[in-house]
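The listed protein sequences derive, respectively, from chains Y and C.
Here this note's numbering is used: position 99 in the first sequence is 182, and no number is missing along the way.
Here this note's numbering is used: position 66 in the second sequence is 149, and no number is missing along the way.
Quick reminder that beta carbons are idealized off the backbone N, C-alpha and C, glycines included.
2 protein chains.
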Amino acid sequence: MLLSKSCVYGLRASLFLANQEKGKFIPIRHMSDKLEISFHFLTKILQQLTAEGILESFKGPNGGVRLVKDGREVPLMDIVLAIDGPQLLTECALGLPGCGVQNPCPLHDKWAETRDSIKDMLENSTLTELVHKGRAENLRLTAESGFDILFNE
Amino acid sequence: MLLSKSCVYGLRASLFLANQEKGKFIPIRHMSDKLEISFHFLTKILQQLTAEGILESFKGPNGGVRLVKDGREVPLMDIVLAIDGPQLLTECALGLPGCGVQNPCPLHDKWAETRDSIKDMLENSTLTELVHKGRAENLRLTAESGFDILFNE
DNA sequence: TATTTTTAAGACAAAAGAGTCTCAAAAACC
DNA sequence: GGTTTTTGAGACTCTTTTGTCTTAAAAATA
Ligand code: SF4
Ligand code: SF4
């Protein structure tokens, strides 16, 4: 898999948050219910995003988490880097250690192209952009429901 | 990681075989030494390739494994499918089950592009092509050595 | 202050991936 | 036939990933 499960959950939760009223703290329990992700597992993942400065959290009643920046300013890459780290961009097809252009394997040229296209996609897609698209077309964020699950009470 | 470790080892061993005298059986022990891969682990991986009809094996002295087809006819995709299966081409960015164009997530369009570029790379690269490139430029297949390790006795 | 609601932290367990080991079966050679 | 060399099959262990659970700390509210 390209992204770890933690990373995928982190992305889905971030999209959820980008679709909420700006500045409002959303309880993790609410998200874990809507997105059908284990509450404790999601909590652990979002703690990483909080530690990385992508989310901020607040304890107690009316607490929860929220995006620090407007989702428009948050490329998916930020979340991927916070959770999976940079391996995706540094490791490669044949997985040899300490790779680079100085000492490449036969796949390097082709792989570098592919890797760049992954990189570009993650850097050029922002949370808000995807939320707009998802809202407009009622796309889904969970196994069953469409995007509208994010609005239902 | 895009490809599992088993898959990467399978690819490296296949490149090694594509660089050998056509039709000759190469002992797995020889490959595991040269490529610095655990002998037993590599054996298990190559057994999968044999079961899938990509390699054929022969027991006993002067035995080993060899490519069934000329490496020119073997795209990397064959080896990836044999070892990692088709998930790379069917699973996707947000990892939702049963995905497709009928019921996409907000990332689908962008991911589909990226996925196609991965697919194209694996389908359009053949073992022989990469061996030629590796030989011409003495590229590496292991952590330390260059392509010439495949020739040294 | 006591109770409730929430995140924080980390121990713990289950599952999957990676790697090791042993023994059997086939082939060659003495 | 017996020994050696090789792949085949599978049990087994170790590590990483994934997921669960418990307890603590902070904040609100009564
Ligand atoms: S040379 Fe490039 S493709 Fe090959 S292992 Fe290194 S970074 Fe990966
Ligand atoms: S819609 Fe496409 S990108 Fe999204 S989860 Fe499904 S297959 Fe993957």
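So is residue i in contact with chain C if we call contact Cβ pairs under 7 Å?
i                      : result
residue 197 of chain Y : yes
residue 142 of chain Y : no
residue 226 of chain Y : yes
residue 114 of chain Y : no
residue 149 of chain Y : no
residue 154 of chain Y : no
residue 146 of chain Y : no
residue 217 of chain Y : yes
residue 127 of chain Y : no
residue 213 of chain Y : yes
residue 193 of chain Y : yes
Please confirm whether residue i has its beta-carbon closer than 7 Å to some beta-carbon of chain Y.
i                      : result
residue 236 of chain C : Interpretation of residue 236 of chain C is limited by its pLDDT of 47, a score under 50 that renders its predicted location unreliable; the figure taken from the coordinates is listed afterwards. It does not: the Cβ of residue 236 of chain C has no partner Cβ on chain Y nearer than 7 Å.
residue 200 of chain C : yes
residue 222 of chain C : yes
residue 178 of chain C : yes
residue 121 of chain C : no
residue 117 of chain C : no
residue 232 of chain C : no
Starting from the Cα of residue i, find the closest Cα among the options and give me that residue.
i                      : options                    : result
residue 224 of chain C : Y/219, Y/164, Y/188        : Y/188
residue 159 of chain C : C/204, C/120, C/134, C/149 : C/204
residue 109 of chain Y : Y/121, Y/129, Y/90         : Y/129
residue 48 of chain Y  : Y/107, Y/217, Y/216, Y/185 : Absent from the structure is residue 48 of chain Y, since the part of chain Y shown begins at 84 and ends at 236.
Report yes if the CB atom of residue i is closer than 7 Å to the CB atom of residue j, and no otherwise.
i                      : j                      : result
residue 114 of chain C : residue 99 of chain C  : yes
residue 201 of chain C : residue 173 of chain Y : no
residue 181 of chain Y : residue 101 of chain Y : no
residue 194 of chain Y : residue 219 of chain Y : no
residue 52 of chain Y  : residue 125 of chain Y : A question about residue 52 of chain Y goes unanswered here, because the residues of chain Y that appear run from 84 up to 236.
residue 120 of chain C : residue 92 of chain C  : yes
residue 118 of chain Y : residue 95 of chain Y  : yes
residue 162 of chain Y : residue 97 of chain Y  : yes
Q) Which residues, in chain order, does the segment 157-174 of chain C contribute to contact with chain Y at a C-beta distance below 9 Å? A) 159, 170, 171, 174
Q: Evaluate contact between the segment 184-200 of chain C and the segment 214-223 of chain Y, counting only Cβ atoms and requiring at least three cross-stretch pairs below 8 Å.
A: yes
Q.
Give me the subset of the segment 88-104 of chain C whose CB atoms are less than 8 Å from a CB atom of chain Y, sorted by chain position.
A. Listed in sequence order: 88, 91, 94, 95, 98.
**Q.** Inter-stretch contact (C-beta, 8 Å, three-pair minimum) for the segment 200-215 of chain Y and the segment 166-173 of chain C
**A.** No, the segment 200-215 of chain Y is not in contact with the segment 166-173 of chain C.
Q | Residues of the segment 179-190 of chain C with Cβ closer than 8 Å to any Cβ of chain Y, in chain order | A | 179, 180, 181, 186, 187, 188, 189, 190
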